[in-house]
Amino acid sequence: MLLDLYNSAGGANWANVWNLNDIGKECNWNGITCDASGVTIEGINLDLNNLSGTLPASLNHLTNLVTVSMVENVNLAGPIPPLTGLTHLTSIALARSGFTGSIPSLAGLTSLQSVFFGYNQLSGPIPTLVGLTNLNSFDVTYNHLSGSIPSLTGLTNLQAFLVTSNQLTGSIPDLSDQTGLEIDADNNLFSGSLPSSQQLAHLSSLFVEGNRFSGPIPELAGITSLTNFDVARNQLSGAIPALTGMTALQNIYVASNQLSGAIPSLAGLTNLRTFVADHNQLSGSIPAFNGLTNLSTVYLDHNQLTGHIPSLTGLTMLMTLQMDHNQLSGTVPPLTGLRWLGTFLIGDNKLHGPAPAVPSPTTLMPFGQGSLCPNYLDPVASTDWNTITQATPWYQACTVQPVQAMTLSPAALSVEVETAGSSASTTLTIGNAGSGDLHWSLATAGSDCTAPGSVPWIQFTSASSGTTAADTGSPVTLMFDAGTLVRGFYSASICVTSDDPVQPLVRIPVNFAVEETADTIFSNGFD
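Residue 1008 is where the sequence shown starts when you use this note's numbering, and the numbers rise one by one after that.
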């Protein structure tokens, strides 16, 4: 039967050929392992041995085989022969070759612990795994397999189930019998919902990037066993759930979905190395990185994030930071101590102030990747940033920060009406002499704008807030109502709050005179 293998798989051209003159001494042949008696063949290992052709069906008759490994023989093709006769088999590896056809039945191979058929051209469904109670690892990555994942019920020893880059459909099966299982199912055609929180609690890792899963990400808080969670490039929506208590979490990937809302707190995730959430619709501020001393990779680009870039102090393992294409403002934090930082992209935001000093020592030069613009950073020369950004000067794509400059007309208001049911209106114009949009709001106060409050005889009838573009004005109609007032003089304030950096709050004094209505009888000459 070994001669069948030799002849069928091009033995004459093997890297290490067998000496066919030593018939009866097969236990001495390259790659052959026998039992202690030196009689029974228990193992075949012909990795990287230039096998070509096909495997013979008679391989199934070597019923005492315990291990079979013929990895990386790229010219070895055809179907994988039947295996059901190999009832003592614990491990079979036929990966990185050219096998075609379907995976043969594994029924009855109750000793089987490891299957490695990855990187071939196998097609059809994954066979049933029922009864393989000793199975620890099943790897059929990078093939053309179709259909659904078979039941994993009863496979209590399974630790790795790897089916990446096939054409599998359906959903992830029940995981109730597993503990610490890694599922690697990237780049398939799975759809529906992700496994529930209860199912995820049985996993150590879930990799399902590049599928068609939809709906929300299930609750993750308190799942202490999960170290890797990769659901990037699906069709997921909703918010990123709380990560509280995920003390084992090392890598989380949720990029390229339709996620919205705020990024949850990362506090306590001391083992976190990778946080990837780019290309979503996330909003709000970026949570603090305090205590995340193992953090090496952060991708938050192409979202709608606002606020400041948090402090990077203490992130001595940080290698990649991408926060470009957001709406971040404020200054850029220091990069001191980030010697391993090799990618730093923060362009297309609203950051201002000086560019940070380049870390020393640094991996940003000469082969790093950095982008500081477009932003509103100070145009100060730096040969280091010229080198890193590959632009001279580095700030050539940055622009002058737009400045808002509010003007008010008139600067004070005086209105006079008669008493009974009288009212009067006037117009306040909020102008913008600056170069950026001015955002403003109006409130009333008795006298001091530090404590705004309702003034019932002043009403904003058109708008109480708005945006005024550069070099334009926004008229606001004010109504003064004396319907409940008696004769007298009244004073109050209109408080205008804006993002004008020079005068963010301006008080407009208001004087309101209510005159008494003339006596009708007296006006006709009767006393």
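Ideal Cβ positions, reconstructed from N, Cα and C, are used throughout, including at glycine.
Could you tell me the boundaries of the beta strand (DSSP E) in which residue i lies?
| i | result |
| --- | --- |
| N1150 | Per DSSP, N1150 belongs to no beta strand (DSSP E) and is neither H nor E. |
| L1445 | 1445-1452 |
| V1509 | Run containing V1509: none; DSSP gives neither H nor E here. |
| S1121 | 1121-1123 |
| Q1334 | Unbroken run through Q1334: none, as it is neither H nor E. |
| Q1288 | 1288-1291 |
| S1318 | Looking at the DSSP string, S1318 is not in any beta strand (DSSP E), and its letter there is neither H nor E. |
| I1099 | 1098-1100 |
| A1167 | 1167-1169 |
| G1360 | 1357-1360 |
Please classify residue i as buried or exposed, where buried requires at least 16 other C-beta atoms within 10 Å of its C-beta.
| i | result |
| --- | --- |
| P1366 | buried |
| F1533 | Since pLDDT at F1533 reaches only 38, below the 50 mark, its modelled position is unreliable, and the value read off the structure follows with that caveat. Classification for F1533: exposed. |
| G1349 | buried |
| P1539 | Outside the shown range of the chain (1008 to 1534) lies residue 1539, about which nothing can therefore be said. |
| N1518 | exposed |
| N1531 | Residue placement at N1531 is flagged as unreliable, the pLDDT there being 40, under the threshold of 50; the coordinate-derived value follows with that caveat. That one is exposed. |
| E1226 | exposed |
| T1451 | buried |
| Q1411 | buried |
| N1026 | exposed |
| I1133 | buried |
| T1070 | exposed |
| I1030 | exposed |
| T1468 | exposed |
| A1364 | exposed |
| H1209 | buried |
| D1042 | exposed |
| A1022 | exposed |
| S1378 | buried |
| A1192 | buried |
| A1064 | exposed |
| V1215 | buried |
| D1285 | buried |
| Q1120 | buried |
Name, in chain order, the residues that DSSP records as bridge partners for residue i.
| i | result |
| --- | --- |
| D1237 | F1214, Y1260 |
| T1304 | T1281, T1327 |
| G1108 | L1129 |
| C1502 | A1450, R1514 |
| M1413 | N1439 |
| V1422 | F1519 |
| G1154 | L1175 |
| S1244 | Q1265 |
| T1350 | T1327, Q1376 |
| Q1311 | S1290 |
| G1495 | V1521 |
| S1144 | S1121, A1167 |
Out of the options, which one is the CA nearest neighbour of residue i?
| i | options | result |
| --- | --- | --- |
| A975 | V1387, L1139, D1237 | One cannot answer for residue 975 here, as it falls past the ends of the chain, which runs 1008 to 1534. |
| L1175 | N1194, D1181, D1507, G1187 | N1194 |
| A1255 | S1211, H1286, N1241, A1239 | S1211 |
| H1068 | L1093, S1098, T1047, F1519 | L1093 |
| V1339 | G1354, L1325, L1276, W1347 | G1354 |
| S1232 | E1049, Q1257, S1244, S1121 | Q1257 |
| P1381 | C1034, L1371, T1396, T1390 | T1396 |
| G1252 | G1229, G1360, N1287 | G1229 |
| Q1205 | A1192, I1224, L1196, L1371 | I1224 |
| L1279 | N1301, D1285, Q1288, A1295 | N1301 |
| N1264 | N1218, G1291, L1207 | N1218 |
| D1054 | P1341, V1024, P1063, E1033 | V1024 |
| D1455 | E1033, F1197, A1440, S1498 | S1498 |
| I1293 | A1022, Q1334, S1389, N1028 | Q1334 |
| Y1126 | P1157, T1135, V1170 | V1170 |
| T1436 | Q1403, T1160, I1270, G1480 | G1480 |
| A1470 | Q1166, A1084, P1459, V1483 | V1483 |
| T1091 | L1358, V1081, T1117, F1106 | T1117 |
| H1315 | T1304, T1323, M1330 | M1330 |
Locate the alpha helix (DSSP H) running through residue i, then write down its first and last residues.
| i | result |
| --- | --- |
| V1011 | Note on identity: in this sequence residue 1011 is Asp, with Val being the wrong assignment. It spans 1009-1015 - the alpha helix (DSSP H) in which D1011 sits, taken as one unbroken run. |
| I1270 | Element bounds for I1270: n/a, residue is neither H nor E. |
| T1567 | With the chain running from 1008 to 1534 in the structure shown, residue 1567 is simply not present. |
Give a single yes or no on whether residue i has its beta carbon closer than 6 angstroms to a heavy atom of the ligand NAP.
| i | result |
| --- | --- |
| F1236 | Absence of the ligand NAP is noted for the structure shown, with no ligands found whatsoever. |
*Length at least 3, wholly inside the segment 1449-1492: the beta strand (DSSP E) runs in chain order*: 1465-1467, 1472-1475, 1479-1488
*Sequence ranges, beta strand (DSSP E) only - wholly within the segment 1029-1090, length at least 3*: 1039-1041, 1048-1052, 1074-1076, 1082-1085
*Along the chain, which unbroken stretches of the alpha helix (DSSP H) at least 4 residues long are found entirely within the segment 1177-1222?*
1204-1207
*Which runs of the beta strand (DSSP E) spanning at least 3 residues fall entirely within the segment 1372-1410, listed in chain order?*
1376-1378
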